[in-house]
Amino acid sequence: MSTKNSNTSQELFNLNGKPSFGQALPLAFQHVVAMIIGCVAPAIILAGVSGLSESDTVVLIQASLAMSAISTFIQLFPFIKFKSYQIGAGLPVIMGISFAYVPIMQSIAQDADVGTILGAQIVGGIVAIIVGIFIKQIRHLFPPGTVVFAIGLSLYPTAVNYMAGGAGSADYGSWQNWLVAIITLAVVTGLNHFGKGFLKLSSVLIGIIVGYVVALGFGMVDFSSVLTAKWVQFPQPMHFGIKFEPSSCVAIAVLFAISSIQAIGDFSATTTGGMDRMPTDEELSGGIIGYGVSNIVCAFFSGLPTATYSQNVGIVSSTKVVAKRVFGIAAMIMLVAGIMPKIAYILLTIPSCVLGGATISVFAMISMT
């Protein structure tokens, strides 16, 4: 490798590094494919419970991707700095729609509608901002090692369910699902341990590609939704309206407070795994304040509650790639997918078993961190 290429490669491991587009793109795409199913699944689940039409479901899916991108940008590039406070952590994280809110959102949707969820989300965002302002005073109550370890362990059931085909799927637990998942896991693990350079850094992406090809051979990939999807459709502000119902606001607000504390673990795992240090008070405070602000913005654009994505934290720990340019490109891919439904549906053709096989090793990395 030439000195110039070597220097460019080192930019990947620098928070403010400027790796070439060719180096950054596959690593960015790796982050996108690791989170895409988890990002849109809550919208699909909620649409089913709410009895939304196909067109409204697409609006919710689009908003999930586009608003996750905006939330990621807010975290990557802090703004409105005032004294020791800022909006955004300035750390290499990926934001996405959180599964933690799904049970309570389902309950609200059954008794009310999506607009009621979005109204409660605004209240939750305000709660998160308050937690972020006072995080310096309460940070010591939540030892990062314990929080990170708990996050890693709690994610294993999600990965195993994905490996089996995704909870609720017609072929859940079939031998084909397990075989594809294990092949994917073997590729990711093998490249992590024995690969070098690009192969090691892109182990998750390569594993997903191999698993996808095997899944194609088993006829597990359905392109019908891709063929019927539109090419361009912009997110629609206030499409579902916004309503405030007291009990829903309280329930969502409590979850936002808990997720704000979980964010301590995700931010800590990111910095310890990728930069060998703990996050500063300013980074934690800015990250949680940014979490609150972005969720308020999301609500006005029909985006469901977001949170830091632990599977992407695991990729950071595994690859040590922390250049914000990589994550910015990932956010751009998410944004484009959010306004081009056909691209979003192509990503959605990746079988759950493939993602499960790829991410279970990532979750193990979080626990080890």
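For the sequence shown, my numbering gives the first residue as 310, with consecutive numbering after it.
No residue lacks a Cβ here, since even glycine has one placed at the ideal position from N, Cα and C.
{"Asked": "Under 8 Å between the Cβ atoms of ILE605 and GLY424?", "Found": "no"}
{"Asked": "Run through DSSP, which three-state label would GLY405 get?", "Found": "strand"}
{"Asked": "In whole angstroms, give me the CA-to-CA distance for GLN649 and GLN371.", "Found": "One point to set straight first is that residue 649 is Met, not Gln, in the sequence displayed. If I take the Cα positions, the gap works out to 8 Å."}
{"Asked": "By the three-class DSSP mapping on this structure, what secondary structure does TYR394 have?", "Found": "strand"}
{"Asked": "Going straight from the alpha carbon of SER694 to that of MET404, what length do you get?", "Found": "One cannot answer for residue 694 here, as it falls past the ends of the chain, which runs 310 to 678."}
{"Asked": "Alpha carbon to alpha carbon, how far is LYS392 from THR366? Give it in angstroms, no decimals.", "Found": "42 Å"}
{"Asked": "So, under 8 Å CB-CB, ILE659 and ILE491 are touching, yes? Tell me the CB distance rounded to an integer number of Å.", "Found": "About 17 Å; that fails the 8 Å criterion."}
{"Asked": "Should SER626 go down as buried or exposed, given a rule of 16 or more other Cβ atoms within 10 Å for buried?", "Found": "buried"}
{"Asked": "What are the boundary residues of the alpha helix (DSSP H) that includes ALA639?", "Found": "633-648"}
{"Asked": "Assuming GLY596 contacts GLY397 (C-beta within less than 8 Å), just tell me the rounded distance between them.", "Found": "7 Å"}
{"Asked": "Express the C-alpha separation of SER661 and PRO351 in angstroms, rounding to a whole number.", "Found": "14 Å"}
{"Asked": "Out of curiosity, what's the CA-to-CA distance linking ILE636 and LEU361?", "Found": "A small fix is needed here, since residue 636 is Phe in this sequence, not Ile. Those two C-alpha atoms are separated by around 32 Å."}
{"Asked": "Relative to the C-alpha of PHE408, which residue among LYS445, ILE345 and PRO401 is closest?", "Found": "ILE345"}
{"Asked": "Determine which residues share a DSSP beta bridge with ALA616 and list them.", "Found": "GLY405"}
{"Asked": "Going by DSSP in three states, PHE382 sits in which element: helix, strand or coil?", "Found": "helix"}
{"Asked": "Where VAL519 and VAL496 are concerned, what is the direct C-alpha to C-alpha distance, given to the nearest angstrom?", "Found": "8 Å"}
{"Asked": "Grouping DSSP H, G and I as helix and E and B as strand, with all else coil, what is ILE659?", "Found": "coil"}
{"Asked": "Beta carbon of PRO401: closer than 7 Å to some heavy atom of the ligand GDP?", "Found": "With respect to the ligand GDP, the structure offers nothing, as it holds no ligand at all."}
{"Asked": "For the stretch 367-386 against the stretch 577-585, do three or more pairs of beta-carbon atoms, one drawn from each stretch, fall closer than 8 Å, so that the two count as touching?", "Found": "no"}
{"Asked": "Alpha helix (DSSP H) containing ASP420: first to last residue?", "Found": "411-420"}
{"Asked": "Between which residues of its own chain and VAL440 is the CB-CB distance below 7 Å, once the five residues before and five after are set aside?", "Found": "ALA566, SER569 and ILE597"}
{"Asked": "Give a yes or no on contact between the stretch 409-428 and the stretch 583-594, applying the rule of three or more CB pairs nearer than 8 Å.", "Found": "no"}
{"Asked": "Measuring only the C-alpha atoms, how far is LEU494 from MET529?", "Found": "18 Å"}
{"Asked": "Please report how far the alpha carbon of SER619 lies from the alpha carbon of SER533, in whole angstroms.", "Found": "31 Å"}
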